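Shown next, in structure tokens, is the structure this report addresses.
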Amino acid sequence: MTPAGTAVADALGSAELELDTGDGAVLPAGAATVAELAGRRVEVRDGAGALLLSGTVPSLDGAAAGNLSGTVKVEDPASGLRASARMKVRGKSGRQEFRLDVKGASDGAAVELWIADASGTMVPAATLPSPQGGKSRLRLDSRKGDGMPLSAPGLADLSGRAFELRVDGVTVTSGNLPSL
Numbered sequence: 005m006t007p008a009g010t011a012v013a014d015a016l017g018s019a020e021l022e023l024d025t026g027d028g029a030v031l032p033a034g035a036a037t038v039a040e041l042a043g044r045r046v047e048v049r050d051g052a053g054a055l056l057l058s059g060t061v062p063s064l065d066g067a068a069a070g071n072l073s074g075t076v077k078v079e080d081p082a083s084g085l086r087a088s089a090r091m092k093v094r095g096k097s098g099r100q101e102f103r104l105d106v107k108g109a110s111d112g113a114a115v116e117l118w119i120a121d122a123s124g125t126m127v128p129a130a131t132l133p134s135p136q137g138g139k140s141r142l143r144l145d146s147r148k149g150d151g152m153p154l155s156a157p158g159l160a161d162l163s164g165r166a167f168e169l170r171v172d173g174v175t176v177t178s179g180n181l182p183s184l
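Numbered continuously in this note's numbering, the sequence shown closes out at residue 184.
Written out as structure tokens, the structure is:
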């Protein structure tokens, strides 16, 4: 067990601990995404260390009734390259959609998507179609039988991972995939 933080109860006995990575918080146990915490045991203890509650972090797959989506935009001012990565999971159907739109690439340039694997090593994930008019698009849709990048079983497995866009073998811009 790894401590995740401390919360102080109010006069009614209520306490809340919120870890928001968007505000700079770090997830427990070195996890990069909430998906990595799925299935792990969680405990709530009082100030003396006595166990109050215990359970398991639910899987994002358990959110099947709802939709999950996120979009991240990155750009390289030096080259003018801009990109938008969008990931969407449709709850009821389980449909997974991954979309990457790139603008500002030279016609005929080789545009590649690299994503960090589970160990954090950047690995090639996809080669985009040759840009036409500076635009290139990668669309993967499980409803059409497409696999997800890195052969991930679902987009939740890629949630928040680092990625790079390389043009003709040179890293032009980078960021993190949307967190679902």
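Where is the CB? At the ideal position from N, CA and C, for every residue including glycine. The structure presented is a predicted model; accordingly, all values stated were derived computationally and were not measured.
ask   = If we ignore side chains and look at the alpha-carbon of each, how far apart do Gly66 and Pro153 end up?
value = Note on Gly66: pLDDT 48, under 50, position unreliable in the model; no value is reported.
Run of the beta strand (DSSP E) containing Val12, from where it starts to where it stops = It is not in any beta strand (DSSP E) - Val12 carries neither H nor E in the DSSP assignment.
ask   = Exposed or buried, Met5, counting other C-beta atoms within 10 Å across all chains shown (16 or more means buried)?
value = exposed
inquiry  = Need the endpoints of the beta strand (DSSP E) that Lys77 sits in, please.
reply    = Leu72 to Asp80
request  = Go through its chain and collect everything with a Cβ distance to Phe102's Cβ below 7 angstroms, but skip five positions before and after it.
outcome  = Taking Phe102 as the centre and dropping the five residues before and after it, the same chain places the C-beta of Met91, Leu144, Met152, Pro153 and Leu159 closer than 7 angstroms to its C-beta, in chain order.
Beta strand (DSSP E) segment containing Val30, residue limits = It is not in any beta strand (DSSP E) - Val30 carries neither H nor E in the DSSP assignment.
ask   = Where does Ala68 sit, in a helix, a strand or coil, going by DSSP?
value = Here Ala68 scores only 48 on pLDDT, less than 50, and its place in the model should not be relied on; the value that follows carries that caveat. Here Ala68 sits in coil by DSSP.
request  = Leaving aside the five residues before and after Leu72 along the sequence, list all residues of the same chain whose C-beta is less than 6 angstroms from its C-beta, in chain order.
outcome  = Val93 and Leu184
inquiry  = Gly98 and Pro182 - do their beta-carbons sit closer together than 7 angstroms?
reply    = Gly98 sits away from Pro182, with the two beta carbons spaced by 7 angstroms or more.
query = Applying the criterion that 16 or more other CB atoms from any shown protein chain within 10 Å of the CB defines a buried residue, is Leu21 buried or exposed?
reply = exposed
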